[in-house]
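Sequential numbering of the sequence shown, starting at 33, is according to our numbering.
Below is one structure, written out as C-alpha cells, with a few remarks after it.
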Amino acid sequence: MTKPATNPRPISPRSQSRRYAALALYQWRLTGDDPMAIKRHLLDDPKWLDAVAASLNGVSDDDELAAEARFNFNVELLDELLSGVPAHIEAIDTQLDRFLDRPISQVDPVELAILRLGAYEILFSDNIPDRVAINEAVELTKLLGAHEGHKYVNGVLDKIARRKAGDMDRKL
C-alpha cells in the first residue's frame, strides 16, 4: 500500500495555478493548441492531472499524491493567465525582445513560457506586485527550467519591471 506524500512546504493555490499555466503555455507554444482547451484536458483527465500534480510536487512513483494537492489551485488565476498571455502576446514579446540576449526563437521553450507568464503579470496584472511575479517565475524556473535558468529569468523580468516603473515615474 502506498503512503500519501508529504511536502514540507505546501504550495499555495496561486503558485500551483502558475505551475499549471506554465505547462499549458509551453504546450501551447509547441502544439498551437488553444490554452483553454489544454486546461480542459488537464482538468478532464484525472490520470494526467495526477501525473502532472505529482511531478510538480516532487512525489515519487512509490508515493500517492493527496487529492487536496492535486486540486489545490486557483481556477480564476489559471483562466486569467491562459487567456491573458495569448491575448497580449505581441506586447509581451515586444517587451521580452528588449531585454533578451538572443532572438526569442532561441530561448528555451520552458523558460520562454515562464518569461511570458511573468511578463504578463508584471505588465497587465495590477493586483500582483512585480516582486511577487518575478519571484514566482524564478521558483517556476528552478522547478521546470534548465540549470541556472532562474538567473536568466530573474534578470529579464527585473529589467521589464524596472522599465515599467520608470515609465510610470515619467507619467507622474
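Note that the Cβ used here is the ideal one computed from N, Cα and C, for glycine as well.
Please read these numbers as outputs of a predicted model, since none were measured by experiment.
Per the C-alpha coordinates, the member of Leu128, Pro118, Arg195 positioned closest to Asp65 is Pro118. A contact between stretches requires three or more CB pairs, one per stretch, nearer than 8 Å, and the stretch 68-87 meets this requirement with the stretch 106-123. For Leu144, the three-state secondary structure derived from DSSP is helix.
Between the stretch 113-132 and the stretch 158-173 there are fewer than three C-beta pairs closer than 8 Å, too few to call the two in contact. With 16 or more other Cβ atoms from the protein chains shown falling within 10 Å of its own Cβ, Leu55 counts as buried. Taking each of Lys174, Ala83, Ser44, Asp77 in turn and checking the Cα distance to Glu143, the smallest one comes out for Lys174.
Of the other Cβ atoms in all chains shown, 16 or more fall within 10 Å of the Cβ of Gln48; this residue is therefore buried. Unbroken alpha helix (DSSP H) stretches of 4 residues or longer found wholly inside the stretch 105-190: 107-119, 121-131, 141-156, 162-176, given in chain order. Around Leu88, the same chain offers Arg51 as residues with beta carbons nearer than 6 Å, after the five sequence neighbours per side are excluded. Within the same chain, and ignoring the five residues on either side of Pro161 in sequence, no residue has its Cβ closer than 7 Å to its Cβ. In this structure, the beta-carbon distance from Arg148 to Leu62 does not fall below 8 Å. Note on geometry: alpha-carbon atoms of Ile146 and Gln138 lie some 14 Å from one another.
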